[in-house]
Amino acid sequence: IRDRDVTGVQTCALPISWCFNSDGTKVAYTRNESGFGSLWIYDRLTGDRHMVSRAVHGCLSWNGNTLAAIRSGARTPQQLVVYDVSDAAAAQRKMTVSYEDERWKKAFDSELVEPSVRSAQGVPYRLYEPSSPNGRLIMWVHGGPTDQWQVTWRPRFTYWLSRGYAIAVVDPRGSTGFGRAHQMALEGVWGSADADDLAVATRDAQSVLGIAPARTALMGGSAGGLTVLSAANRHASLAAAVVTLYPVVDLPLLLGSDDPFEGHYNHVLIGDVSVSPNLDVQHLRDVPVLVFHGDRDELVVPEHSHRLKQAVESAGGNVRVTMMEGEGHGFRGAANVMREFSETEEFLAVCLP
């Protein structure tokens, strides 16, 4: 879908979710705007476009004059909403089902913040600044690596913001949402280009907030785990701690994956396998690392974390691996999620004094 932004400049907006109306004369679609979202209607007969609402929307469904969607934002837990679009230019929203719990929403409302959009040397990131800062910074990198964490409801972020941590969500090369060139720029340089982008964003966020590397932690899961581990290894004294979930570590091992979803393009992303964190630990051995991995993970097998621990500890470093019993690629059990958060909080209390 070709779209125009508020300045009139034509851009290519890849719809995350879209649907036709009942007679096919109109299309409802979503826009990704540097991680933020908005919902629009395009009239195929007149060529007119109207914005219905801001926030990230998904699962669109249109019947008659009623447009339904799942809506979410940094301060908005997932909601099922409907819009009366009989007049697209003045659509009316009515929330039908909300997944908010007023008991905690009232208690933590002061901790819920909207992020600001920033860029450092062409590396985009979103910065969440807590209402009561504790002088510590978390740099978060999404998985994928061709993915993006939009500005939706993130309980993980709420947890750390409520404890005073600032959070920067980085979209290094390979991320979606910033055009095809930015996404394709990771081909052949996964583990190096994205790590260097993270370093650039980290130093910028540290400068903006006045937070030193000694009070900065790098966090990421899956492909984001490779990025944070590689960044800590390629850039000495970038941060004082690394926390990663089910990380990609051994690139030669990953190349042998038969994963039907992502295995077919790993060879396109991977160039120099020597950037594998278990093959080069020059600076990684100087940073304490905490790893969580599901013992039933079939996408990034636990052997990745075991090889990381062996390599770093052989070089004199410190890697702590916590295996989550019964978990796969992503933790589902409430007890395991609580364990991850509590162990991470204890770890950071020591590493970021």
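In my numbering, the protein residues as written are 729 to 1081. From the three backbone atoms N, C-alpha and C, an ideal C-beta is built for every residue, glycine too.
I'd like the span of the beta strand (DSSP E) that includes residue i, first residue to last.
i, result
"residue 767", "764-771"
"residue 973", "969-973"
"residue 843", "Neither: residue 843 is in no beta strand (DSSP E) and is coded neither H nor E."
"residue 944", "944-949"
"residue 1020", "1017-1022"
Pull up the distance between the alpha-carbon of residue i and that of residue j, whole angstroms please.
i, j, result
"residue 1046", "residue 923", "21 Å"
"residue 815", "residue 998", "50 Å"
"residue 860", "residue 843", "15 Å"
"residue 745", "residue 915", "26 Å"
"residue 789", "residue 826", "17 Å"
"residue 1024", "residue 1036", "18 Å"
"residue 979", "residue 818", "52 Å"
"residue 701", "residue 1020", "In the structure as shown, the chain starts at 729 and stops at 1081, and residue 701 therefore has no counterpart that could be examined."
"residue 800", "residue 1011", "39 Å"
"residue 1073", "residue 864", "12 Å"
"residue 1082", "residue 783", "Because the chain in this structure spans residues 729 to 1081, residue 1082 falls outside the shown range and cannot be described."
"residue 900", "residue 964", "19 Å"
"residue 1065", "residue 1052", "9 Å"
"residue 812", "residue 1071", "47 Å"
"residue 867", "residue 970", "10 Å"
"residue 940", "residue 895", "14 Å"
"residue 1038", "residue 1044", "10 Å"
"residue 1042", "residue 764", "44 Å"
"residue 1060", "residue 947", "19 Å"
"residue 729", "residue 909", "The predicted model places residue 729 with a pLDDT of 40, which falls under 50 and marks its position as unreliable; any figure quoted below should be read in that light. Approximately 18 Å, taken between the alpha carbons."
"residue 770", "residue 777", "5 Å"
According to DSSP, which residues form a beta bridge with residue i?
i, result
"residue 1037", "Bridge partners of residue 1037: none, in fact."
"residue 1082", "The shown model of the chain, from 729 to 1081, leaves out residue 1082, and the question about it has no answer."
"residue 778", "769"
"residue 958", "Answer is none; residue 958 lacks a bridge partner."
"residue 1047", "1017"
"residue 868", "897, 947"
"residue 746", "757"
At which residues does the alpha helix (DSSP H) containing residue i begin and terminate?
i, result
"residue 1069", "1062-1079"
"residue 888", "883-889"
"residue 996", "994-997"
"residue 936", "921-937"
"residue 980", "979-983"
Taking the CB atoms as reference points, tell me whether residue i and residue j lie closer together than 9 Å.
i, j, result
"residue 929", "residue 898", "yes"
"residue 1003", "residue 919", "yes"
"residue 1022", "residue 1054", "yes"
"residue 942", "residue 1015", "no"
"residue 955", "residue 869", "yes"
"residue 682", "residue 949", "The requested residue 682 does not occur in the structure, where the chain is confined to residues 729 to 1081."
"residue 802", "residue 906", "no"
"residue 981", "residue 1017", "no"
"residue 862", "residue 891", "yes"
"residue 903", "residue 873", "yes"
"residue 772", "residue 753", "yes"
"residue 796", "residue 780", "no"
"residue 889", "residue 853", "no"
Every unbroken beta strand (DSSP E) inside the stretch 789-820 [3 residues or more]: 794-801, 804-812
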